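2 protein chains.
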Amino acid sequence: MTDIATRVHNHNWKIDPIVRSVIDTDFYKLLMAQSIFRRNRDTQVTFSLINRTTTIPVAHLIDEAELREHLDHVRTLRLSRGESTWLRGNTFYGERFMFGADFLAWFEEFRFPDYHLERKGDQYELTFEGDWLDVTLWEIPALAIIMELYSRAVLKGMGKFELQVLYARAMTRVWEKIQRLKALDPLRIADFGTRRRHSFLWQDWCVQAMQEGLGSSFLGTSNCLIAQRREVEAIGTNAHELPMVYAATAVGNDALADAPYAVLEDWQKDYQSNLLIALPDTYGTDGFLDRAPEWLNRWTGIRVDSGDPVERGEAIIAWWKRRGEDPTKKLMIFSDGLDVDVIETLHARFKNRTQLSFGWGTRLTNDFRGLVPDGRLDPFSLVCKVVSAGGKPTVKLSDNPRKAMGPAAEIERYKSVFKVGEQAEMVVEV
Amino acid sequence: MTDIATRVHNHNWKIDPIVRSVIDTDFYKLLMAQSIFRRNRDTQVTFSLINRTTTIPVAHLIDEAELREHLDHVRTLRLSRGESTWLRGNTFYGERFMFGADFLAWFEEFRFPDYHLERKGDQYELTFEGDWLDVTLWEIPALAIIMELYSRAVLKGMGKFELQVLYARAMTRVWEKIQRLKALDPLRIADFGTRRRHSFLWQDWCVQAMQEGLGSSFLGTSNCLIAQRREVEAIGTNAHELPMVYAATAVGNDALADAPYAVLEDWQKDYQSNLLIALPDTYGTDGFLDRAPEWLNRWTGIRVDSGDPVERGEAIIAWWKRRGEDPTKKLMIFSDGLDVDVIETLHARFKNRTQLSFGWGTRLTNDFRGLVPDGRLDPFSLVCKVVSAGGKPTVKLSDNPRKAMGPAAEIERYKSVFKVGEQAEMVVEV
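Read top to bottom, the protein sequences are chains Z and U.
Position 262, counted from 1, in the first sequence is what the numbering used here calls 1022; the numbers after and before it change by one each time, with no gaps.
Position 177, counted from 1, in the second sequence is what the numbering used here calls 937; the numbers after and before it change by one each time, with no gaps.
See the structure below:
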């Protein structure tokens, strides 16, 4: 039987919205938002969309009016009662009351602020300016919208069965990856693929396939909405955004040198245990670890998000040992450009030497390579980053100079302050 | 929105019936039924299920009570008004009024007769006895039920995503075959896969994929219900059943030798043009062609259903030439154990030398080889054949002695009457 009401309701859709919920975002954005809420909510920032794969002419493929409709739709969203209840009542990392009543009261009233969209040649300039607390939440929906509009544009005009077989192939690929991961024991892996997902429904499918295929080895998803609906853990901690804003607003080089630690000092006032994961690479991992205060030794773990992962892993284990810590008790999370090959390599190397965990992103939720002609569904490196804070440009050095960002002069100043020397370049695919 | 009524309706299903329509059968069964209706409706026959792949213990996998439920369900079916309208009003092979009012009046009242089911070791003995006209229509639903119950048994206990990926792989496989077929020009191909299909829904999917993928190169399907629903041509002509019954009921060796031609003499009273397709292999193609009456030269074409297809095709072309016919004006239909490799070979060899057409069966609608462990979804050679008529055992020789059937003494008599010498054995997979 056809549900007539559903059909009629569907006829009336003005658009088929890509982002339909305030919590269709990464969990760490909410953790960071609470931390920002408590200390720096009014810091003026600008976030900007950056397509690192400039060969992809995003603006040729995505219609501006359609893009505006989706961004405008996000501005109509509000936290629903059930979502608020979930944030209040759910356990996150085994703990209740992760989010304070003050923060949640604010979040219930939250509306996405305005955006600035302008076509610049083959690309769009999409920026968000205002209070850090408001603007920060645009990152994930903005990326997800562009990625999905791009997918839709590529798939437009395909036949019904051609499309079904396309998804059949993609499903088979994900499932084969999951079968390979099943062989790794012990395994701890989470979905980190919201921002560059092929589509919402596809991410949701991937999460469910991981649930069925990996059982308890699947830790959960970074996506709050999917975590809520599929009753899995919401996963994530913090991002480069925090040290970048702290650094940009630091006055003088001493304060700048201290900024990455100041972030974490604040962080440990808000969170504990498995949320005490340091992201060390914003201004070079080696220097960050060398100069780290003693209290950082006791943090639960470290996330590796750039550079050669084997080399980075070894350096971190060596640092733990130098600091008198037992690496086998520490958590090491890899999250940079992972796919099954890399996961297998890292697992073989580190599984008995540290508590190993993987945050699997784009190659989980958007691996359609080779499934349409001319690689038109190959993922591209789209990011949405904070580019200025408190009127100053932000800077990121990373462990891979190709991921560095900021004005050249500022990059030089940061390199000198953080004593970063030569860095090996690595291709950034996703 | 959930359609509550649908859900409640589904709760009430006693079984999920495999065969839900009297016309969920091959079109040639209806053509043959009309011919039987006009001349031999009361001939007493027995049809019997035969599993030629005895290594598959069908009775271990399929529950007898469940099998009975599905067979009993078939006995509740009647031709629906819309189905009758379709048979009356549709064009078949470009002609209206293919079925006479007298035959359709009978068909509207038709009920499937009783069956006899008994477990014999690892196999079921499933037989149908009675008037030829009634019993003949059991062949296809009986096979389809056993095949689908077998598939369901193998798939029982698989996870939801594991199942989805299984079908994703099977879809990809069918689609890749279709892409290869697309390269063949000109191409005429039809679905002949009802009897040994994986399931009804799967056959329906395959037909739609062929429609989208091959466009006008896809002629249609042998399945009447799918032809009606998907608005494609219903395809088929006649089968071994006719000469086997004519032969079994022939009195004396002269009448026996004439039986294969008597069938076709009757056939051409009922049908014309593209339905004048001779199936020459029941008692050996070579002898059949050598002794064929002159009027058979003018028939539209010949269907090749056993033996080495290249050799058979060459022999038929040579025969047409000997009889002064232009092979390029004649239709040659291949329908035995086809898959894309064989189709490509035959296409390359015969495309310019005759009007070439393919009836693609089991390897279209049931190719799940290797998709579950231990080949448990590999198709097996299940047939439902007329085994006696008018109190006499039926005999089939075929161009492949492995497809021969009948009592040894009768086979010898037939071989002598039809002057069949040595025959090359070929493996029967499907």
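The beta-carbon is built from N, C-alpha and C at its ideal position, and this holds for glycine as well.
These numbers were taken from a predicted model, which means no experiment stands behind them.
query = Quick one: Cα of residue 850 of chain U to Cα of residue 859 of chain U, how far?
reply = 10 Å
ask   = Which residue comes first and which comes last in the beta strand (DSSP E) that contains residue 1228 of chain U?
value = One cannot answer for residue 1228 of chain U here, as it falls past the ends of chain U, which runs 761 to 1190.
query = Taking the alpha carbon of residue 920 of chain U as the point to measure from, which residue in Z:1098, Z:973, Z:1173 has its own alpha carbon closest?
reply = Z:973
request  = Compute the Euclidean distance between the alpha carbons of residue 1094 of chain Z and residue 1180 of chain Z, then round it to the nearest angstrom.
outcome  = 22 Å
request  = Check distances from the C-beta atoms of the segment 803-837 of chain Z to those of chain U and list, in chain order, the residues that come in under 7 Å.
outcome  = none
ask   = Anyone know if the C-beta pair for residue 1073 of chain U and residue 1092 of chain U falls short of 8 Å?
value = yes
task = Answer with yes or no whether the minimum CB distance from residue 929 of chain Z to chain U is below 8 Å.
result = yes
key: chain U contact residues for residue 761 of chain Z, given Cβ-Cβ distances below 9 Å   = 763, 765, 766, 769
inquiry  = Taking the alpha carbon of residue 1033 of chain Z as the reference point, which residue from Z:1023, Z:1048, Z:1056, Z:1011 has its own alpha carbon closest?
reply    = Z:1056
query = Taking the runs of the beta strand (DSSP E) that are 3 residues or longer, which of them lie wholly in the segment 921-950 of chain Z?
reply = none
request  = Give the residues from the segment 901-933 of chain Z that approach chain U closer than 8 Å (Cβ to any Cβ), ordered along the chain.
outcome  = 919, 920, 921, 922, 924, 925, 927, 928, 929, 931, 932
key: Own chain, CB closer than 8 Å to residue 870 of chain Z, minus 5 neighbours either side, in chain order   = 782, 838, 839, 894, 897
key: Within 8 Å, strictly: CB atoms of residue 975 of chain U and residue 992 of chain U   = no
ask   = Within the 8 Å Cβ cut-off, does residue 773 of chain Z reach chain U?
value = no
inquiry  = If contacts are defined as beta-carbon pairs under 8 Å, then residue 1145 of chain Z and residue 796 of chain Z qualify, I think. What distance do you get, rounded to the angstrom?
reply    = Their Cβ separation, rounded to whole angstroms, is 16 Å, which puts residue 1145 of chain Z and residue 796 of chain Z out of contact at 8 Å.
ask   = Leaving out five residues before and five after residue 1026 of chain U in sequence, what residues of the same chain have Cβ atoms less than 7 Å from its Cβ?
value = 795, 799
ask   = Between the beta-carbon of residue 1053 of chain U and the beta-carbon of residue 1021 of chain U, is there less than 8 Å?
value = yes
ask   = Using the rule of at least 16 other Cβ atoms within 10 Å of the residue's Cβ for burial, across every protein chain shown, is residue 856 of chain Z buried or exposed?
value = exposed
Interfacial residues, the segment 964-994 of chain U to chain Z, with Cβ spacing under 7 Å = 968, 969, 972, 973
ask   = Roughly how many whole angstroms lie between the Cα atoms of residue 1023 of chain Z and residue 801 of chain Z?
value = 14 Å
inquiry  = Does the CB of residue 846 of chain Z have a neighbour CB from chain U at under 8 Å?
reply    = no
inquiry  = Using the three-state DSSP reduction, which class does residue 1063 of chain U fall into: helix, strand or coil?
reply    = strand
task = Compute the beta-carbon to beta-carbon distance between residue 1123 of chain U and residue 1070 of chain U, rounded to the nearest angstrom, for a pair I have assumed lies under 8 Å.
result = About 18 Å separates the two Cβ atoms, so there is no contact after all.
query = Short check: CB of residue 808 of chain Z to CB of residue 1147 of chain Z, under 8 Å?
reply = yes
ask   = Tell me the DSSP bridge mates of residue 1120 of chain Z?
value = Z:951
ask   = Does residue 1192 of chain Z have its Cβ less than 8 Å from a Cβ in chain U?
value = Here chain Z has residues from 761 to 1190 only, and residue 1192 of chain Z is not among them.
query = Excluding five sequence neighbours on each side, which residues of the same chain lie with their C-beta closer than 6 Å to the C-beta of residue 883 of chain Z?
reply = 811, 818, 819
query = If you check the beta carbons only, do residue 787 of chain U and residue 1061 of chain U fall under 8 Å apart?
reply = no
key: Three-state secondary structure (DSSP) of residue 1131 of chain U   = coil
query = Are there 16 or more other CB atoms within 10 angstroms of the CB of residue 726 of chain U, so buried, or fewer, so exposed?
reply = The requested residue 726 of chain U is not part of the displayed model; chain U covers only 761 to 1190.
ask   = What first and last residue would you give for the alpha helix (DSSP H) that runs through residue 1098 of chain U?
value = Counting along the chain, residue 1098 of chain U falls outside any alpha helix (DSSP H), and DSSP gives it neither H nor E.
ask   = Which residue from U:834, U:1138, U:1166 puts its Cα closest to that of residue 1008 of chain U?
value = U:1166
ask   = Between which two residues does the alpha helix (DSSP H) harbouring residue 1090 of chain Z extend?
value = Segment: none, residue 1090 of chain Z is in no alpha helix (DSSP H) and carries neither H nor E.
query = Shortest alpha-carbon distance to residue 1088 of chain Z belongs to which of Z:1041, Z:1078, Z:854?
reply = Z:1078
ask   = With a cut-off of 8 Å, do at least 3 Cβ pairs link the segment 956-965 of chain Z to the segment 908-927 of chain Z?
value = yes
Beta-carbon proximity list for residue 888 of chain U, same chain, < 6 Å, skipping 5 on both sides = 807, 875, 895, 898
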